[in-house]
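Chains as they are written, first to last, in our numbering: chain B, 1 to 102; chain W, 103 to 290; chain X, 291 to 1281; chain L, 1282 to 1698.
Below is one structure; the comments refer to it alone.
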Amino acid sequence: MLIPCPHCGLRPSEEFTPKGLAEAPRPVIGGADLPEDATWQDYLHTRTNRAGDTDEYFHHALGCRSWVVVHRNTLTHEVYGATMASEFWAQKNQQPEQETGQ
Amino acid sequence: MSTIVLSNPLGAHWTAGRHGQAEGEAGIRATHAAGLTIVEVAALPGQAQPLRAALEAGFGMTLGDGQPAHSAENAVCTGPGHYLLVGHDVQAVKAAVGDLAMAVDQSSGRVRVSIDGPAVADLLAKACPLDLRAWPIGGAQASHFLHIACAYYRRSEHGFDLYFGRSFAASAAQWLLDAGAEFGVEIG
Amino acid sequence: MSARLPQPNRLESGGIINRDRPVIFTFDRRVYQGFEGDSLASALLANGVKLFGRSFKYHRPRGILGAGPEEPNALVEVDHGPAERDPNHRATMLEIYEGLETFSQNHFGPLGMDVMEVNDLISRFLPAGFYYKTFFFGGLQAWYRLYEPIIRRAAGLGRPPLAADPHHYEKIYTHADTLIVGGGIAGLTTALSLAKAGQSVVVCEERDRMGGSALWQGETFDGQSGADYVNHLCAEIEAAGGRVLPRTTVFGVYDAGTFGAVERCHDHLAKADRRPHTARMKYHRIQARNIVYATGAIERSVGFKGNDRPGVMLASAGHTFLGKYGVRVGERATVFTTHDGGYGTAAALAQAGAAVTVLDARAEANVVIDGVTVIKGVYAKQAHGRMGLRRVDYDGASNGSLDTDSLLVAGGWNPAVHLTSHTTDRRQSKPVYDPEMLAFLPPELVETEAAAGSVTGAMSTADCLTSAQAAGKKLGGKAVALPTVASALPVSKPMEMWAVPGAGDAAFLDMQNDATVKDIKLSAQEGFKSVEHMKRYTTLGMATDQGKTANVTGLALLAAATGRDIAQVGTTTFRPPYTPIPVGALAGHHRQRDYEPFRYSPIHAWAEANGATFMEAGLWMRPAYYTRPGDKTWLDSAVRETKATRDSLGITDVSTLGKIDIQGPDAAEFLNRLYTNGWKTLPVGKARYGLMLREDGLVFDDGTTSRLADNHFYMTTTTAHAAGVMAHMEFMHQSAWPDLRVAFGSVTDQWGGLALAGPQARACLAKLFPDLDVTNDGLPFMGVLETQWNGFTARIFRISFSGELAYEVAVPADVFEAFWLEALRVGAEWDITPYGLEALNIMRIEKGHVTGAELDGRVSMDDVGLGKMVSTKKDFVGRAMSQRAAFADPDRAKMVGLVAAKPDDKIIGGGILFASADGPFDHTTMLGYVTSVAQYSPLKDRSIALAFIKNASDWHGKTLYVVSHVHGKSIMEVHAESPHFYDPKNEKVMS
Amino acid sequence: MADRYGFWRLLREGLRGHTGWGPAWRDPAPKAEYDVIIIGGGGHGLATAYYLAKVHGITNVAVLEKGYLGGGNVGRNTTIVRSNYLHTGNELFYEKSLQLWEGLSADLDYNVMFSPRSIINCFHTDGQRDAEARRGNQMILHGADAVLLDKEGVRREAPLIDVDNPRFPIYGGLMQRRAGTARHDAVAWGFARGADQRGVDLIQNCEVTGIDIEDGRVTGVQTSRGPIRAKKVGMAVAGSTSRVGALAGLRLPIESHVLQAFVTEGIKPMLHNVITFGAGHFYISQSDKGGLVFGASLDGYNTYAQRGNLPLIEHVMEAGVSFVPAMSKVRLLRSWGGVMDMSPDGSPIIDKTPIDGLYLNAGWCYGGFKATPGSGWCFSHLIADKPTHHIEQLRLDRFKTGYVIDELGAGAQHNLH
Ligand SMILES: Cc1cc2nc3c(=O)[nH]c(=O)nc-3n(C[C@H](O)[C@H](O)[C@H](O)COP(=O)(O)OP(=O)(O)OC[C@H]3O[C@@H](n4cnc5c(N)ncnc54)[C@H](O)[C@@H]3O)c2cc1C
Ligand SMILES: NC(=O)c1ccc[n+]([C@@H]2O[C@H](COP(=O)([O-])OP(=O)(O)OC[C@H]3O[C@@H](n4cnc5c(N)ncnc54)[C@H](O)[C@@H]3O)[C@@H](O)[C@H]2O)c1
Ligand SMILES: Cc1cc2nc3c(=O)[nH]c(=O)nc-3n(C[C@H](O)[C@H](O)[C@H](O)COP(=O)(O)O)c2cc1C
Ligand SMILES: [Zn+2]
């Protein structure tokens, strides 16, 4: 598998460490308040785990050390692109979610 | 001060002279630069462009664009807004980057081995996953050398600088000699 | 050059072997001669050898079926000796060289008299899956001790090597625009078309040379022989910058244009000719935008009784031995064919002087060849001749018997579609059955793929060339001038005959695994109707050849047995590797010593020279203890080092700790979010102990972090977690808090660090830094100073892991060895003693400090007594989840200290705690467990330990029992107390 | 039972040309309604149906399988059976399962070839030894067996292991003698035949495409072969858990990852035990046919494709040759993958769902083959409203409460387990 690191370009997957699906952002907490339990469950444990298009965290550990969110298909292993993790959630908030995959 | 002997990070096998295949011209010539100043610079969020401008202004270098990115001979780009500045005074670098970036001395932390010679492409094909055809002279890439993280800088058609973490350098040196044995390695 | 030995089946001329280079080799210790360019199979056939091996299950005598990688029968062992022995070489792929030694396999007794052949006699009791139905009488022990060992001994083919492989292997990253798989005429033509268009191409050919069928079919190309024309094509491809790699099997297709190929570099060379420093095999990880499947087609046999007898082979194999090697496989040959193609082989054999009869399954066939008898409308009913074919019975429109020494079967062609379906899920399509061609053809290909040659179902060479032209065009190639082919090879579609009427027992499909026509029927009868069930039940296609000649026939017969179409039945899944490849070839360089890199401290060489024994942690080699004269055991060393430190002065290397430099206006805020405690108020010039949780609320790592300036921190982590902490920080910063104005980098390798510990630590430090105020006021506990040592930056941290008055001093790694030696020199006055991890372990256990043994990823802050280190005024990683019910459960085990009741007892790590020595010992009565043990604590003059136990503080002052069943059910009395045995008020570290 | 297997039967059939063997299971058309539907004809689904019929007398049961029986992970795993767990939540369950394995062939009248050839987990440091000693002790306290071997003990048991490995020397190993391997396909087929004989309908090529729920209660399923009503529905779909769960509107704590496995050409016996190489997450055994069967860790990325990629393959081979140097020349015959239902703590879930009558059996990661009989046993009890203590801690809500069962201590990241 090749992963298009936004900084480095197409690189073989062994340079990356995958972490898991990026389905929900880390809940933001103001001060000492705890968020709803469900948001934390969504962040840490529960997953839609779609068979089709997904977003997934990869760390370019043997490369530029960026965390990237890779947009890919879990049925075909097609990779559509990748976004820097640092930009991913901000961009996501701007665009209404497009429902793709199955 | 100058009486202090810098210790050799490359291990006992890295000795001057010919290694591996002994006949003919050495396929690989390798050198290690001891005592080189290396400063790691990392831009704060949003400051990558200003940092680049500051480096270009401060050191009169041109940092190219595109992939592989933003490198000059003594400014090796290893990540977004991330450089190894080589051969510059540590304080001068700190002064140049000011509040735009982290700057930290890595002169001891990184080891540079430079390789050259007709078999360099064949050697790299054993160790580095990157396609040399898409790698311009003057381009830097952060990748790996066999299993060891390595930042590369391409100086010329056959000339590459390899930057390893110091604690890995002895294994890297050993593996470089293993992979190069077929071609003959001359350590200068 | 040695004398010529007779080779009875070798023709005077013909073939592309080098007759000027005779080669001597052995098979089962008999000496034979062949020629350079021979395969073991061709050379032995030339010498009249028919028997090559024994089948897997019934131990039937077997000869040669194919001439290439499809060969199921003729597997041999090469070389001997525990390390050199190399089993399961296909004789058809093994090139002979001077001095080659080969041995037949899988027989008990000589190859000709294998006692295991009784299996063949009782084969009627050993149908497919027989073992599922029996062998359970007597229960588990009977199976394990009685039946299974018998099955095991019988299983397997070759004998395994029993020592490390002396050869070396390499991985090569190979890049190209287009990979062409198959160096036949089609692959080469496509390659040339692409190379001419400026693409970089690599052509991989599994066999010993490029050319494929063109090397034996006897056709001419613009008047040139096949071999010459192939050489011409290769030269042109190379001239255009392309590469051709013979002896290179493309074994698998992976995602995004990644392909695996293995090149055999040594196996064909005499040992003296193998260049030193070069690899036996090269594994090419190929990255290419496009792929061309030009893999050709593999011939199939027909199911009839005795179709496995030595002397029965595929027509294309017999033809290859003749055309490529100049070996005539028989004098009285019979060709059994279902299509016109068999006549080409018949003609070639007749021309070579054999008496040939063709049995044509078709009633109306109209190919006529001079001197060849043709019997139409008949099929081979049974072949006779246990050790070598003698006779074949035929039946059908007429019946009779023929005396014959070779039977060449042309049952049709199976395009080698394997690679096209390694990533079927990518296209959601599988190979498609073409009922006209009676073959599975490649599925519809995507734009980066093309297929060329007989793999597409094209039959004549001219059609193959046209398809190659088209494949080149699809991928952007230039037109190439196609040669005029002069061919005497008739082609036609085959007649559908998978097995002859009445075939059952002893009509073999999978020759190696002995799966018969009958087994397929039985499988269907027993409800194993899915093709995958049939495969697994009969093991058809699961042998070393992966059913290259058998699979399609098997599923066609299954279709018939279950009343379905072949297309409905479908194929089983093709999987990598295409043909078997040594495990070692894929491991390449990274094995044993070189499995992973070592990380070395800057004083590694010094430690090695000074008696250190090392311990691995996070790839680092860390000194565990230094053996000195008088130390009898490691414990002697560790206790000596401990006492010296506690009494006077110890020194240890802490260079391996993870170190992270953190800078930026939000650095303190960043730390606040990473650590559980507060960081904003930490003054410049001070260090603080910090605990990091994972997001699930459990402890991740600990360490001290120092504030060097308002916006500048220096963090340390444990050695084992350094890489993980760095990745975690990068993740949190980039994914959760990208706006925090902070940047950081690992400086682990930049700094060498040592700790001076013990009552004389301050005196020693003062001597190292004479200009510095290192008094308790000048450098108080948790104080940090940055200074110079011989012109190099030095950082001094007054922190202590050992529990003694201690300082950690870091200097750049380049000068660390010099600094270390200097410390040893000035410390000599106080008998400075280097100590390793074992002594450190004793001291930190005495002090009640935790390490990875306690922080095992399952404990909370509270569990290790650090629950107070939580700032409730802020968010931090793990805070939310540590509010979950389980964290407040009073039953959670927490840390406690243990002291052995008897001075000579050594507490056992991993022992379980119970309240009573009398049991019962089970999971309901267990209270806790031991994590870290000091086998001897000078402080307590006996063994002590850290442990976790329910209601920990209730146990202080009470007696417990450490029980370890895995240590001979040892039961040991211990006393529980606070884990902070040593200097609980921290007077020493503050002194 | 009418169609009993055994030596004499084989002899008789051998003499009369094997014409008397009936189908191992029927090929029934789905009925309109069942008491219980099990989704998934893998090991767990088939075992659940078998025990529902055998132990609870509930025979109006259908197992719906989208492909062919046993074609999922039960048919593609490395067949290791063991009960060497640390935590009570797992050990109670897996030891029960191991005990069922020990009598399984006789119980099923089908030779599943369970072979207690022992497993040895090798360790490389003193700290790891203590952790393994603790595990061994806890196993014994739960009624299992364990032996702590030193370096020489490992050498004796498995002479081809490179215990003196210069990179990661082996200090010793934790051995469980009762552990071993079984013939994967036979397990699926044996349970299938046993269930079928007791009246269970095994329906192949029948994909569940919807789960019908009325008023919070399950009423049936939609399938590629039409709707089927049911009073209770049990999910045992391993790698497809999230997809099937979604049909009932459930979002579950599961990611799908691929684990690759490898088999070499058959060779004469060279390894007796199942052995694992801690430093490389590598494990290996030799099958009765003579193939070395081995694997290591996940590829790491999420996928539903039953295949992996080269970087992991290279890693596995490197670890293998480092651990068992003699395997370098042995040829790899085939490699494949299976889709794992990875839970956040690496331990399974056998529990009710928030929907009445819908039951969940999932989270098997790469350890569910050994669980097959135990899982079927416990799941059938749960569905029959007689839950057993073995699954007390394998709860779905444990991620909310924090009572996770984390054998590795790796934390809430699915692909680390
Ligand atoms: C490579 C590999 C190695 C492994 N090694 C081991 C090991 O050594 N030891 C061990 O204990 N475990 C091992 N495992 C894990 C073990 O195989 C699994 O955990 C276990 O088999 C899962 O349970 P199962 O048998 O019921 O799953 P499966 O056999 O996968 O059964 C699930 C079934 O559900 C079906 N299904 C899915 N969706 C639907 C639908 N919508 N409708 C109808 N049917 C559906 C599937 O087709 C499948 O047949 C390994 C797994 C793999 C992949
Ligand atoms: N009637 C038919 O279907 C039929 C059958 C056989 C041959 N032919 C003749 O074959 C010629 C066609 O040439 P072609 O090039 O299509 O086939 P070919 O058989 O000549 O060449 C294919 C080559 O691909 C190689 N190969 C296959 N899989 C490989 C892999 N995974 N890795 C590396 N190499 C691999 C084979 O070793 C073979 O040499 C024509 O002359 C045609 O007449 C036709
Ligand atoms: C324990 C075990 C042993 C296997 N042995 C063989 C074998 O000897 N030959 C073979 O071709 N495949 C063997 N396989 C692999 C199967 O052929 C098949 O690849 C696997 O079950 C996955 O199915 P799939 O490839 O059809 O997807 C074995 C599989 C397992 C689980
Ligand atoms: Zn990158």
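Using N, Cα and C, we set each Cβ at its ideal position, and we do this for glycine too.
Predicted model only: the values in this text are computed from it and were never measured.
{"Asked": "Residue environment, V592 of chain X, which counts as buried when at least 16 other CB atoms sit within 10 Å", "Found": "buried"}
{"Asked": "Proximal residues of chain X, C-beta to C-beta of A145 of chain W below 9 angstroms", "Found": "A1033"}
{"Asked": "Residue burial classification, I1594 of chain L (beta-carbon count within 10 angstroms, cutoff 16)", "Found": "buried"}
{"Asked": "Three-state secondary structure assigned by DSSP to V1525 of chain L", "Found": "helix"}
{"Asked": "Run of the beta strand (DSSP E) containing T180 of chain W, from where it starts to where it stops", "Found": "177–181"}
{"Asked": "Short CB-CB distance (under 9 angstroms) between R375 of chain X and chain L", "Found": "yes"}
{"Asked": "Buried versus exposed call for K19 of chain B [16 or more other C-beta atoms within 10 Å across all chains shown]", "Found": "buried"}
{"Asked": "The region 51–69 of chain B: positions lying closer than 7 angstroms to chain L by Cβ", "Found": "A51, T54, E56"}
{"Asked": "Residues bridged to L264 of chain W [DSSP beta-bridge criterion]", "Found": "W:V215, W:Y254"}
{"Asked": "Sequence-distant residues of the same chain with beta carbon closer than 8 angstroms to S691 of chain X, five excluded per side", "Found": "R681, V682, D683, Y684"}
{"Asked": "C-beta atoms of A1607 of chain L and F1558 of chain L nearer than 9 angstroms", "Found": "no"}
{"Asked": "Cβ contact (3+ pairs, closer than 8 angstroms) linking the region 1032–1050 of chain X and the region 946–965 of chain X", "Found": "yes"}
{"Asked": "Cβ-based neighbour list, G473 of chain X, same chain, cut-off 6 angstroms, excluding 5 preceding and 5 following", "Found": "V493, E495, M500"}
{"Asked": "Residue from L:S1656, L:E1413, L:L1441 with nearest C-alpha to H1325 of chain L", "Found": "L:S1656"}
{"Asked": "Beta-carbon neighbours of P18 of chain B, restricted to chain L and to distances below 7 angstroms", "Found": "G1581, Y1582, N1696"}
{"Asked": "is_contact[M1621 of chain L, chain X] using C-beta, thresh 9 angstroms", "Found": "no"}
{"Asked": "Alpha-carbon spacing of M291 of chain X relative to A740 of chain X, whole angstroms", "Found": "Legend: pLDDT at M291 of chain X = 47, less than 50; position of this residue unreliable, value from coordinates given subsequently. Taking the straight line joining both Cα atoms gives about 47 angstroms."}
{"Asked": "Test: V807 of chain X CB closer than 9 angstroms to a CB of chain L", "Found": "no"}
{"Asked": "Span of the alpha helix (DSSP H), counted from its first residue to its last, around A1129 of chain X", "Found": "1127–1137"}
{"Asked": "Ordered list of alpha helix (DSSP H) runs contained in the region 8–90 of chain B, each at least 4 residues", "Found": "37–44"}
{"Asked": "Exposed unless 16 or more other CB atoms sit within 10 angstroms - verdict on N689 of chain X", "Found": "exposed"}
{"Asked": "Rounded distance between the beta-carbons of Y387 of chain X and H558 of chain X, thought under 8 angstroms", "Found": "6 angstroms"}
{"Asked": "Cβ-heavy atom distance, L1429 of chain L to ligand 1, below 8 angstroms", "Found": "no"}
{"Asked": "Contacts that P6 of chain B makes with chain X (C-beta to C-beta distance below 7 angstroms)", "Found": "Going along chain X, no residue has its Cβ under 7 angstroms from P6 of chain B, so there is no contact; the nearest lies around 12 angstroms."}
{"Asked": "C-alpha distance - A1237 of chain X paired with K1278 of chain X, whole-angstrom precision", "Found": "25 angstroms"}
{"Asked": "Residue-level contact to chain B via CB, S245 of chain W, 9 angstroms cutoff", "Found": "yes"}
{"Asked": "Test: R26 of chain B CB closer than 9 angstroms to a CB of chain W", "Found": "no"}
{"Asked": "Within chain W, the residues that D884 of chain X reaches when beta carbons sit closer than 9 angstroms", "Found": "L248, H249, S273, Q276, W277, D280"}
{"Asked": "9 angstroms Cβ cutoff, E985 of chain X in contact with chain L", "Found": "yes"}
{"Asked": "Start and end residues, beta strand (DSSP E) containing F325 of chain X", "Found": "320–326"}
{"Asked": "Heavy atom of ligand 6 within 8 angstroms of G63 of chain B beta-carbon", "Found": "Here the bound small molecules are ligand 1, ligand 2, ligand 3 and ligand 4; ligand 6 is not part of this structure."}
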